[in-house]
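Protein chains in written order, with the numbering used here: chain A, 18 to 197; chain B, 18 to 197.
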């Protein structure tokens with residue numbers, strides 16, 4: 018997930034006082050501490066259907082995803098989920114509760130997903146989406162879902178039916194999101 | 018939370034193609050993307066009592082905390098929670114379920130906390146702890162807790178009593194961890 022426009026001449030070494038190898042810039046001495054990043058998103062429900070966004074950007078352009086993205090400084094995870102729904106689907110959402118926390122070590126992500134509903138009925142594709150729409154849980158485009166965690170979330174959602182109190186979900190047993 | 022030994026000569030500007038100001042090194046052009054970091058930890062229970070660790074390091078040296086710390090690359094959040102319990106309390110734990118997700122925007126943290134129990138009875142202070150011990154929920158050292166989120170977790174735990182199915186917790190209403 019390293020942006021292509023990052024610069025610096027990094028070498029791997031254990032900085033003094035540390036116990037792990039880190040990326041250190043050979044030119045200026047800057048230590049690039051790398052930690053997993055938080056993706057926040059939402060399962061936005063409307064009359065039993067779920068909001069999906071068809072991606073207009075790589076990776077997985079043309080595939081369907083949940084509105085979600087990297088959390089920024091100064092936000093709560095809930096703030097980030099609301100912002101992403103606004104950016105990707107022009108959706109103003111109300112967060113109801115935490116739905117799941119997934120870990121994807123391969124890409125160093127922790128995904129925090131919330132159950133939500135629309136504050137107002139308007140949705141439309143944002144700049145990162147080709148189209149957006151609500152899908153009946155029996156008509157999910159399973160083969161066109163963008164990421165394993167989208168599949169996990171929708172699958173777990175289907176197990177709930179009308180339950181409102183449930184333990185939050187985590188990765189399905191044995192799954193680490195290694196295969197797209 | 019910037020380590021004291023970070024170097025680089027950073028200026029704030031909006032990189033080409035971005036929409037936010039970022040820290041860019043004036044010497045080598047490296048863009049320091051800053052995102053919130055994940056802290057993973059656990060509420061380790063034994064016969065109705067909870068494991069706390071008295072901190073041997075700043076910040077809040079001498080105060081009691083839950084075993085928790087920064088998630089590293091290649092880990093799941095659960096892996097990180099298990100490692101931190103081992104490092105801070107020499108505790109081998111079994112994670113039972115997700116307990117809470119807290120956001121602390123002031124220090125750009127998302128804290129993922131799990132409910133857990135000991136795999137074997139041994140606990141002892143690790144290098145970052147002065148002492149470790151199990152506390153009855155009626156004998157929590159409230160005025161000596163290290164961080165707001167420790168107080169939130171223990172307070173929310175007390176509301177559960179013998180409930181095993183519960184919605185996961187998030188920040189208490191209106192709280193953002195701004196005051197220690």
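Glycine included, every Cβ here is placed at the ideal spot set by N, Cα and C. Here the structure is a predicted model, which means the values were calculated and not measured.
Which residue from the options puts its Cα closest to that of residue i?
i: residue 129/A; options: 45/A, 53/A, 31/A; result: 53/A
i: residue 60/A; options: 167/A, 48/A, 50/A; result: 167/A
i: residue 121/B; options: 27/A, 95/A, 64/A, 86/A; result: 95/A
i: residue 79/A; options: 162/A, 103/A, 102/A, 143/A; result: 162/A
i: residue 85/B; options: 177/B, 172/B, 70/B, 62/B; result: 70/B
i: residue 176/B; options: 116/B, 109/B, 133/B; result: 116/B
i: residue 135/B; options: 33/B, 62/B, 30/B; result: 62/B
i: residue 154/A; options: 148/A, 171/A, 138/A; result: 171/A
i: residue 191/A; options: 32/B, 34/B, 77/B, 93/B; result: 93/B
If we cut at 9 Å on Cβ distances, does residue i have a partner in chain B?
i: residue 105/A; result: no
i: residue 197/A; result: Note that residue 197/A scores 44 on pLDDT, short of 50, meaning its location in the model is unreliable; the coordinates nonetheless yield the value given after this. So no, residue 197/A is outside the interface.
i: residue 146/A; result: no
i: residue 89/A; result: yes
i: residue 122/A; result: yes
i: residue 175/A; result: no
i: residue 96/A; result: yes
i: residue 44/A; result: yes
i: residue 47/A; result: yes
i: residue 133/A; result: no
i: residue 125/A; result: yes
i: residue 136/A; result: no
i: residue 37/A; result: yes
i: residue 93/A; result: yes
i: residue 61/A; result: no
i: residue 142/A; result: no
i: residue 53/A; result: yes
i: residue 30/A; result: no
i: residue 118/A; result: yes
Find out if the Cβ-Cβ distance for the pair residue i, residue j is shorter than 9 Å.
i: residue 51/A; j: residue 125/A; result: yes
i: residue 140/A; j: residue 106/A; result: yes
i: residue 97/B; j: residue 87/B; result: yes
i: residue 44/A; j: residue 40/B; result: no
i: residue 151/A; j: residue 67/A; result: yes
i: residue 132/A; j: residue 109/A; result: no
i: residue 159/A; j: residue 189/A; result: no
i: residue 119/A; j: residue 111/A; result: no
i: residue 58/B; j: residue 83/B; result: yes
Using a Cβ cut-off of 9 Å (strictly closer), state whether residue i contacts chain A.
i: residue 191/B; result: no
i: residue 198/B; result: Because chain B spans 18 through 197 in this model, residue 198/B falls outside it and cannot be assessed.
i: residue 100/B; result: no
i: residue 76/B; result: no
i: residue 199/B; result: Outside the shown range of chain B (18 to 197) lies residue 199/B, about which nothing can therefore be said.
i: residue 115/B; result: yes
Ordered along the chain, which non-local residues of its own chain (more than five positions away) have a Cβ less than 7 Å from that of residue i?
i: residue 74/A; result: 145
i: residue 137/B; result: 109
i: residue 156/A; result: none
i: residue 28/B; result: 41, 43
i: residue 89/B; result: 97
So is the beta-carbon of residue i under 8 Å away from any non-hydrogen atom of the ligand HEM?
i: residue 76/B; result: Looking for the ligand HEM in the displayed structure turns up nothing, as the structure carries no ligands at all.
Starting from the C-beta of residue i, find all residues in its chain whose C-beta is less than 6 Å away, skip the five residues before and the five after it, and write them out in chain order.
i: residue 104/B; result: 143
i: residue 147/B; result: 71, 73
i: residue 149/A; result: 70, 106, 140, 142
i: residue 197/A; result: At residue 197/A the pLDDT is 44, less than 50, meaning the model places this residue with poor confidence and gives no usable figure here.
Can you list, in chain order, the residues of its chain whose CB lies under 8 Å from that of residue i, leaving out five sequence neighbours each side?
i: residue 26/A; result: 42, 43, 44
i: residue 14/A; result: The structure shown has nothing for residue 14/A, since chain A only spans 18 to 197.
When the cut-off is 9 Å and only beta carbons count, does residue i lie next to chain E?
i: residue 163/B; result: You won't find chain E in this structure, because its protein chains are A and B.
**Q.** Entirely enclosed beta strand (DSSP E) segments - the segment 25-98 of chain B, minimum 3 residues
**A.** 27-30, 39-42, 54-63, 66-72, 85-87
Q: With a floor of 3 residues, list each beta strand (DSSP E) that falls wholly inside the segment 104-166 of chain B, ordered by position along the chain.
A: 110-121, 126-135, 146-153
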